[in-house]
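Numbering of the sequence shown is given in our numbering, commencing with residue 12 and proceeding in unit increments.
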Amino acid sequence: MPSKPHIIVVGAGSFGGWTALHLLRRGARVTLLDAWGPGNARSSSGGETRVMRGTYGPNQPYTKMAAHALQSWKEHERRWNCRLFRQTGVLWMATAGDDQFERGSLPLLCDAGIRFEELSSAEMARRWPQINLEDVRWGIYEPESGFLGARIACQAVVQGFVAEGGEYKQAAVVLGKSEFEYRRGLKLSDGSKLTADQYVFACGPWLQKMFPETIGDLIRPTKQDVFFFGTPAGDDRFSEDRLPVWADHRDRFIYGIPATDGRSFKIADDTRGAEFDPSSGERTVTAETLTMIRDYLGFRFPAMKGAPLVETQVCQYENTPDNHFIIDRHPQAENVWIVGGGSGHGFKHGPAVGEMVAELVMEGKSADSMFRLGRFGRAKN
Ligand SMILES: Cc1cc2nc3c(=O)[nH]c(=O)nc-3n(C[C@H](O)[C@H](O)[C@H](O)COP(=O)(O)OP(=O)(O)OC[C@H]3O[C@@H](n4cnc5c(N)ncnc54)[C@H](O)[C@@H]3O)c2cc1C
């Protein structure tokens, strides 16, 4: 590579934005492209908030990555003088049946240096009487975790990137007749053509369409409905000062973020929804999910029973078969990299993923085998 290589990053979501920033800091000339802008309403990084937590179950790299990413989020908040992270704490409720996920998380939290407390249900009831703890046996409380702003964080990353000398352009890369064309240059929606030494595609749920041969069904976008319910007037028990982010791992994995910044109580089901087209899909929630969420809300937070629905959002997960990210070179194009497959948990890791990808691209290294395409038998490595 020449002394100052030119690298194009396609996609300014959590993965692409941070990758562009770290490539720049490693000495590359970087052009970042996005079809609709950082954190746009169709992207997987859009919307208001994302959970920042370390509890992740046994045998995985994400607890350590989350610990590292959180330091970076906080450092950049200071550097850019903006508020991206809210330290509300995160509460995991372990139910009577199966608590392997929570038990298996504890040694990894210790290893990663993420502070946590193991709480009995009696102690949880004392701290958060607004939660009905029926069938909850114990819990993990991460006092230094919380939630991140989503769209505002993507925009802050791009602003920081431009301030440090990166070039950002709002334009769409036109799908090639073949995915092998990208290695020789990109056609843009404004009719221009851009060439570079290397290309990083961080196009979230669109990777499937951009790389039909290499990715295809390895990334499956699913529709995820998100609900915001109005809290009782003058009642702050469901706001960020009184309630942590919470996660309830029962037959379904349901989680929520307390009311913040005049917005309401957010609640969503992590169960994968129907297949979804991120460009043309209509973003209306289904009546069945709403009924299920309402029933749950009334059960777990009795004072919210019958609360009005004040807002909804539809986002999509970009799921891989094993829910691990995809970070790899294109198997037939040395100068093309594919970064994505956040699988419903990628946002928080943006800073750690960006650092990792920048190192791989600039130093010509191979990604960790757990992120490589070879694990699906789809690549030559
Ligand atoms: C409802 C919901 C809740 C979630 N909750 C959490 C959570 O609590 N914590 C967490 O860590 N993660 C969470 N996630 C997952 C996380 O948000 C995603 O994994 C992450 O944001 C993916 O980022 P990305 O950069 O890979 O993709 P995206 O954010 O989708 O970015 C891809 C970008 O590529 C651009 N693009 C696409 N095609 C082109 C093209 N041809 N030319 C130019 N640009 C293009 C798009 O405009 C887009 O901006 C959640 C996701 C959803 C949907």
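Think of the CB as a built atom: it goes at the ideal place given N, C-alpha and C, for glycine as much as any other residue.
Item to check | Outcome for V237 when other beta-carbon atoms lying within 10 angstroms are tallied against a minimum of 16 | outcome: buried
Next on the checklist: Less than 8 Å separating the Cβ of N51 from some heavy atom of ligand 1?
Outcome noted: yes
Checklist entry - Would D259 be called buried (16 or more neighbouring beta carbons within 10 Å of its own) or exposed? => result buried
Next on the checklist: Buried or exposed for Q235, going by 16 or more other Cβ atoms inside 10 Å?
Outcome noted: It counts as buried.
Checklist entry - Q141 by DSSP, collapsed to three states: which one? => result coil
Checklist entry - How many angstroms separate the CA atom of A133 from the CA atom of A80? => result Taking the CA atoms as reference points, A133 sits about 33 Å from A80.
Item to check | Distance cut-off 8 Å: Y210 Cβ against heavy atoms of ligand 1 | outcome: no
Item to check | Residues that DSSP places opposite V169 in a beta bridge | outcome: Beta-bridge analysis with DSSP links V169 to no other residue.
Item to check | W91: first and last residue of the uninterrupted alpha helix (DSSP H) it sits in | outcome: Y73 to W91
Checklist entry - Count the other CB atoms within 10 Å of the CB of P255; is the residue buried (16 or more) or exposed (fewer)? => result buried
Checklist entry - Which partner residues of H17 appear in the DSSP bridge assignment? => result R40
Item to check | Other residues of its chain near H360: CB distance less than 6 Å, five sequence neighbours each side excluded | outcome: These residues qualify, in order along the chain: M76 and A80.
Next on the checklist: Looking only at its chain, what residues have a beta carbon closer than 7 Å to the beta carbon of P223, apart from the 5 residues adjacent to it on each side?
Outcome noted: E190
Checklist entry - Could you check where the alpha helix (DSSP H) with Q111 kicks off and where it finishes? => result Q111 to A123
Next on the checklist: Relative to the C-alpha of K316, which candidate in G385, T242 and V296 has its C-alpha closest?
Outcome noted: T242
Checklist entry - How many Å lie between S200 and P289 at the Cα? => result 18 Å
Item to check | Near ligand 1: R61 beta-carbon under 8 Å from a heavy atom | outcome: Taken from the Cβ of R61, at least one heavy atom of ligand 1 lies inside 8 Å.
Next on the checklist: Measuring alpha carbon to alpha carbon, tell me which residue in T302, R294, P72 and V101 is nearest G115.
Outcome noted: P72
Checklist entry - Starting from Y193 and walking both ways along the beta strand (DSSP E), at which residues does that stretch end? => result Counting along the chain, Y193 falls outside any beta strand (DSSP E), and DSSP gives it neither H nor E.
Next on the checklist: Whole angstroms are fine: how far does the CA of G355 sit from the CA of A167?
Outcome noted: 22 Å
Checklist entry - Around the Cβ of K15, are there at least 16 other Cβ atoms within 10 angstroms (buried) or fewer (exposed)? => result exposed
Item to check | G58 versus R311: straight-line alpha-carbon distance, rounded | outcome: 25 Å
Next on the checklist: I'd like the list of long-range same chain contacts for R94, defined as Cβ closer than 8 Å, with 5 residues on each side in sequence excluded.
Outcome noted: Result list for R94: E88 and G160, in chain order.
Checklist entry - From the DSSP output, which residues share a beta bridge with I265? => result D259 and D280
Checklist entry - Between the C-alpha atoms of G171 and T295, what's the straight-line distance to the nearest angstrom? => result 33 Å
Checklist entry - Are the CB atoms of S131 and G65 nearer to each other than 9 Å? => result no
Item to check | Local conformation of A105 per DSSP, three classes | outcome: In the structure shown, A105 sits in a strand (DSSP, three-state: E or B).
Next on the checklist: Looking only at its chain, what residues have a beta carbon closer than 6 Å to the beta carbon of N51, apart from the 5 residues adjacent to it on each side?
Outcome noted: Closer than 6 Å at the Cβ level, and outside the excluded window around N51, lie G57.
Next on the checklist: Taking the beta carbon of R248 as the centre, do at least 16 other beta carbons fall within 10 Å, making it buried, or is it exposed?
Outcome noted: Answer is buried; the Cβ neighbour count reaches 16.
Next on the checklist: Alpha carbons only, please: which of I226, G28 and I18 is nearest the one belonging to G385?
Outcome noted: I226
Checklist entry - Sorry if obvious, but does the Cβ on F264 come closer than 8 Å to a heavy atom of ligand 1? => result no
Next on the checklist: Taking the alpha-carbon of Q141 as reference, which of D272, I230, G309 and R61 has the nearest alpha-carbon?
Outcome noted: Measuring C-alpha to C-alpha distances from Q141 to each of D272, I230, G309 and R61 identifies G309 as the nearest.
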